[in-house]
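Visitor: First, the structure itself, so that you have it in front of you.
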Amino acid sequence: MLIGVSLGPGDPELLTLKAIRVIKEADEVIVPGENAEKLVKPYREPRVVEFPMGKGREVAKRLAIELVDRIEREKIAFCCIGDALLYSTFSELAEEVLKLNKNAKIEIVPGISVVFSALALTKTFVKKSLLITTNFEEEVVAVMKAKKSGEIAEKLREMGYKEMKFVERLFMDGQKISTDIPKEADYFSLILGVKR
Ligand SMILES: C[S@@+](CC[C@H](N)C(=O)[O-])C[C@H]1O[C@@H](n2cnc3c(N)ncnc32)[C@H](O)[C@@H]1O
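Numbers given in my numbering equal positions in the sequence shown, counted from 1, plus 436.
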């Protein structure tokens with residue numbers, strides 16, 4: 437299995453317990469640079485695979501070729517700063533692995549993005565919307581408090597978000613993850629709209 441481990445924004449206290457456990461248990465731990473290396477070192481000696489600017493895809497392809505068979509038998513943890521889903525080297529690696537084997541086992545340990553750490557440090561509360569982007573084109577929107585899920589889905593569809601994912605009561609009794617959007621939902625729900 438290939439596991440993308442989110443290391444949080446750089447404060448060693450903001451690593452999750454799960455990230456630490458996965459790092460300790462993995463057969464090999466890989467990091468893409470010294471910032472991630474520093475956070476992992478108290479638990480394991482990681483292997484550093486640099487992803488130089490502009491050469492990330494090339495490195496990801498090479499690493500994917502090396503790992504694609506190994507992850508059938510071993511647990512390989514690839515750790516990155518912030519959250520592993522956001523603009524990360526892990527996303528390139530995961531894409532390349534999936535090109536070689538579309539059934540490859542990939543998991544992600546979520547973590548605290550630099551974005552959320554910046555919000556906390558600057559005491560910036562989000563009450564309406566938060567756009568995380570590199571180019572001001574909304575690609576994924578997360579609509580929180582999605583009790584009126586049917587109406588929200590309709591609006592998202594009109595706005596061109598053709599792909600939608602509904603998440604309700606995550607890690608609670610009655611957890612639901614679906615691409616079907618119900619008319620109404622629990623307070624503990626959100627809708628992800630994806631425009632690609
Ligand atoms: C490759 S992205 C990684 C984002 C990361 N996966 C996350 O969830 O926050 C790198 C960008 O994250 C932000 N970043 C990462 N570390 C940072 C830090 N220590 N201080 C400020 N911004 C940082 C910067 O915008 C930087 O260009």
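Even for Gly, the Cβ is constructed at its ideal location relative to N, Cα and C.
Because the structure is a prediction, the values reported are computed rather than measured.
Return the CA-CA distance between Phe602 and Glu543, expressed in angstroms with no decimal places.
Guide: Numbered from 1 along the sequence shown, position 166 holds the residue referred to as residue 602. Numbered from 1 along the sequence shown, position 107 holds the residue referred to as residue 543. Cα-Cα distance, rounded: 19 Å.
Visitor: Run the proximity test for Leu450: is its beta-carbon closer than 7 Å to any non-hydrogen atom belonging to ligand 1?
Guide: Taking the first residue of the sequence shown as 1, we reach residue 450 at position 14. Because no heavy atom of ligand 1 lies under 7 Å away, the Cβ of Leu450 does not count as near it: no.
Visitor: Using CA coordinates, which residue listed in Val630, Asp616, Leu606 is at the minimum distance from Tyr634?
Guide: Since the first residue shown for the chain is 437 and the last is 632, residue 634 is missing from the structure and cannot be characterised.
Visitor: Less than 7 Å separating the Cβ of Ile517 from some heavy atom of ligand 1?
Guide: Residue mapping note: residue 517 aligns to position 81 of the sequence shown, counting from 1. The answer is yes for Ile517.
Visitor: May I ask whether a heavy atom of ligand 1 can be found less than 7 Å away from the beta carbon of Gly490?
Guide: Within the sequence shown, the letter at position 54 stands for residue 490. Not under cutoff, so the answer is no.
Visitor: Rounded to the nearest angstrom, what separates Gly490 and Arg480 at their Cα positions?
Guide: The count along the sequence shown starts at 1 and reaches residue 490 at position 54. The count along the sequence shown starts at 1 and reaches residue 480 at position 44. In a straight line, the C-alpha of Gly490 is about 29 Å away from that of Arg480.
Visitor: Report yes if the CB atom of Phe514 is closer than 8 Å to the CB atom of Val579, and no otherwise.
Guide: Here residue 514 refers to the residue found at position 78 of the sequence shown. Here residue 579 refers to the residue found at position 143 of the sequence shown. Cβ atoms of Phe514 and Val579: not closer than 8 Å.
Visitor: Would you mind giving the Cβ-Cβ distance between Leu522 and Val576, rounded to the nearest angstrom? I have them listed as a contact below 8 Å.
Guide: Taking the first residue of the sequence shown as 1, we reach residue 522 at position 86. Taking the first residue of the sequence shown as 1, we reach residue 576 at position 140. With 8 Å as the limit, Leu522 and Val576 do not qualify as a contact, their Cβ atoms being about 10 Å apart.
Visitor: Say yes only if the C-beta of Gly565 is nearer than 7 Å to one or more non-hydrogen atoms of ligand 1, and no if none qualify.
Guide: Indexing the sequence shown from 1 puts residue 565 at position 129. As written in the sequence, residue 565 is Ser, which differs from the Gly given in the question. Flag unset: Cβ of Ser565 not near ligand 1.
Visitor: Look at the alpha carbon of Glu464 and the alpha carbon of Lys581, and state the distance between them as a whole number of angstroms.
Guide: Locating residue 464 in the sequence shown gives position 28, counting from the first residue. Locating residue 581 in the sequence shown gives position 145, counting from the first residue. Distance between the alpha carbons of Glu464 and Lys581: 39 Å.
Visitor: Ile501 and Ile439 - do their beta-carbons sit closer together than 8 Å?
Guide: The residue labelled residue 439 in the question sits at position 3 within the sequence shown. The residue labelled residue 501 in the question sits at position 65 within the sequence shown. Taking 8 Å as the Cβ cut-off, Ile439 and Ile501 do not qualify as a contacting pair.
Visitor: Between the alpha carbons of Met608 and Gly547, how many angstroms are there, rounded?
Guide: Taking the first residue of the sequence shown as 1, we reach residue 608 at position 172. Taking the first residue of the sequence shown as 1, we reach residue 547 at position 111. Distance between the alpha carbons of Met608 and Gly547: 19 Å.
Visitor: Opposite Arg483 in the DSSP bridges: which residues?
Guide: The count along the sequence shown starts at 1 and reaches residue 483 at position 47. Ile466.
Visitor: Helix or strand or just coil, what does DSSP make of Lys477?
Guide: Taking the sequence shown and counting its residues from 1, one reaches residue 477 at position 41. Looking at Lys477 - three-state DSSP - the assignment turns out to be coil, as it is neither helix nor strand.
Visitor: Return yes when at least one heavy atom of ligand 1 lies under 7 Å from the C-beta of Tyr523, else no.
Guide: In the sequence shown, the residue the question calls residue 523 occupies position 87. It does: the Cβ of Tyr523 is within 7 Å (strictly closer) of some heavy atom of ligand 1.
Visitor: From Leu503, Asp616, Cys516, Leu626, pick the residue whose C-alpha is nearest to that of Asp447; which is it?
Guide: What you label residue 447 is simply residue 11 of the sequence shown in a count that begins at 1. The candidate whose alpha carbon is nearest that of Asp447 is Cys516.
Visitor: Near Lys612, which residues of its chain fall below 6 Å by C-beta distance, leaving aside the five closest residues on each side in sequence?
Guide: Numbered from 1 along the sequence shown, position 176 holds the residue referred to as residue 612. Closer than 6 Å at Cβ, skipping near neighbours: Glu604.
Visitor: Taking the Cβ atom as the reference point for each residue, do Val545 and Ala455 lie within a distance shorter than 8 Å?
Guide: Here residue 545 refers to the residue found at position 109 of the sequence shown. Here residue 455 refers to the residue found at position 19 of the sequence shown. Closer than 8 Å, so yes.
Visitor: Compute every distance between the C-beta of Gly446 and the non-hydrogen atoms of ligand 1, then say whether any falls below 7 Å.
Guide: Looking up residue 446 in the sequence shown gives position 10. Yes.
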